[in-house]
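Residue numbers (mature numbering (1 follows the signal peptide of the UniProt record, and there is no 0)): -28 to -1, 1 to 382.
Glycine residues also receive a C-beta, built at the ideal position from the N, C-alpha and C atoms.
Encoded as structure tokens, the structure appears first; notes follow it.
Written out as structure tokens, the structure is:
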């Protein structure tokens, strides 16, 4: 029996090596090679060397639900709710303002000015309040002359000044958008802000919202802590799954310190049903995407809170190995996604993109495992375990739903 266990552990170890090797070579699971001509010139100092993002960021962002309708009372109440719901204790730590928090014009010294009608106490006071809850405050700007709403200035040409302002306010996170950029390459604009943040005297997470236009996965890890690989998500099944597909091909570039970002979570905003939101959250967890809640957590319902609070799914996302899971098999609307975890474990997602229930099977051979490998299978949504499973795992999966498992060596 000891010999069989050793063989099983060997098989799982071999799987992890195969997956890691394939990711590095950009050849596995339909990954697309990237032309060397698209890479930016080497940066002498890694601008993202701020010690952050060892796992994907977790928190909340105002845009998906509130867009420009934000004010300081909302942000304070959201911080309160993050704590009272138990989400903060699960790792959701960032409370992030998006667009429209500042006045249209800078002051006479060229500084950004919080909008008096909506943030009368100022951003420093708001940061103090959020920090007092044990949380971190994020803010938004744009690598252009104006932000995307055109209701406040961008930071193009003001990078050093704005970074110092953000640091003086106690800001912990910057989402940096890509509108009104005067046609200047993102590879020129984003490193300027990255350097300014490093020189600001405060560790500030740098979230690059470049929309994937210049293949940032190929160059952004030396600049920021996460980078958008897609355009904006909307609260629909087609939008969510298409962003998952676009993000998938860049898996080999993600890892501790820098993550692919297929945009924020729509879970709880009402445009999808419970099955679809479970699939949304599961995919984002498996592919090590940022888990940034986009709904109103002050009035979150029990079902939504249950999805966002699943410790076992969150643990897959936050696994210290930090290897992005991938789509490894597709048969029409039926898909198998998977990826390695620490401790010689493997995460698997069975996803049904079809209109009716179907049985999906993941064979060990799909995963690079020997067919005789024996594992325990943990269903992370049902919170149940099958012991001594060999060769395959099958499940009936409802339309637009998923099953998610962690395989552990015997």
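Nonlocal neighbours in the same chain, by C-beta distance under 6 Å from residue i, ignoring five residues either side
| i | result |
| --- | --- |
| residue 362 | 346 |
| residue 388 | In the structure displayed, the chain extends from -28 to 382; residue 388 sits before or after that span and is not available. |
| residue 72 | 40, 121, 123 |
| residue 117 | 126, 128, 152 |
| residue 255 | 216 |
| residue 48 | 101 |
| residue 243 | 207, 208 |
| residue 179 | 147, 198 |
| residue 136 | 172 |
Cβ-based burial, residue i [other Cβ within 10 Å; buried from 16]
| i | result |
| --- | --- |
| residue 157 | exposed |
| residue 375 | buried |
| residue 368 | exposed |
| residue 65 | buried |
| residue 185 | exposed |
| residue 187 | buried |
| residue 331 | exposed |
| residue 310 | buried |
| residue 23 | exposed |
| residue 76 | exposed |
| residue 334 | buried |
| residue 327 | exposed |
| residue 385 | Coverage of the chain is limited to positions -28 through 382, which leaves residue 385 absent and any answer about it impossible. |
| residue 245 | exposed |
| residue 275 | exposed |
| residue 61 | exposed |
8 Å Cβ cutoff met for residue i and residue j
| i | j | result |
| --- | --- | --- |
| residue 285 | residue 349 | no |
| residue 134 | residue 170 | no |
| residue 305 | residue 325 | yes |
| residue 264 | residue 31 | yes |
| residue 219 | residue 190 | no |
| residue 79 | residue 110 | no |
| residue 68 | residue 34 | yes |
| residue 241 | residue 37 | yes |
| residue 295 | residue 338 | no |
| residue 154 | residue 181 | no |
| residue 183 | residue 192 | no |
| residue 281 | residue 59 | yes |
Cα-Cα separation between residue i and residue j, rounded to whole angstroms
| i | j | result |
| --- | --- | --- |
| residue 29 | residue 260 | 9 Å |
| residue 292 | residue 258 | 13 Å |
| residue 318 | residue 142 | 39 Å |
| residue 93 | residue 44 | 8 Å |
| residue 360 | residue 329 | 27 Å |
| residue 103 | residue 247 | 35 Å |
| residue 251 | residue 287 | 16 Å |
| residue 119 | residue 112 | 9 Å |
| residue 101 | residue 108 | 10 Å |
| residue 224 | residue 343 | 26 Å |
| residue 365 | residue 382 | 16 Å |
| residue 279 | residue 165 | 35 Å |
| residue 194 | residue 167 | 11 Å |
| residue 139 | residue 96 | 10 Å |
| residue 231 | residue 87 | 32 Å |
| residue 290 | residue 313 | 10 Å |
Closer than 8 Å to chain B by CB, residue i
| i | result |
| --- | --- |
| residue 349 | Structure shown: chain B not included; a single protein chain is present. |
Residues of its chain near residue i, where Cβ-Cβ distance is below 7 Å and the 5 sequence neighbours each way are ignored
| i | result |
| --- | --- |
| residue 213 | 325 |
| residue 322 | 308, 332, 334, 367, 369, 374, 375 |
Proximity test, residue i beta-carbon vs the ligand MG heavy atom, cut-off 7 Å
| i | result |
| --- | --- |
| residue 23 | This structure does not include the ligand MG; it has no bound ligands of any sort. |
Task: Validate contact between the stretch 354 to 369 and the stretch 231 to 239 using beta carbons, cut 8 Å, 3 pairs - done: Because the criterion of three Cβ pairs below 8 Å is not met, the stretch 354 to 369 and the stretch 231 to 239 do not touch.
Task: the stretch 49 to 66 touching the stretch 259 to 274, judged by at least three CB pairs closer than 8 Å - done: Three or more pairs of CB atoms, one per stretch, sit closer than 8 Å, so the stretch 49 to 66 contacts the stretch 259 to 274.
- [ ] Report yes or no: do three or more beta-carbon pairs, one from the stretch 162 to 174 and one from the stretch 201 to 221, lie closer than 8 Å?
- [x] With a cut-off of 8 Å, the stretch 201 to 221 and the stretch 162 to 174 do not count as touching, because too few Cβ pairs lie within range.
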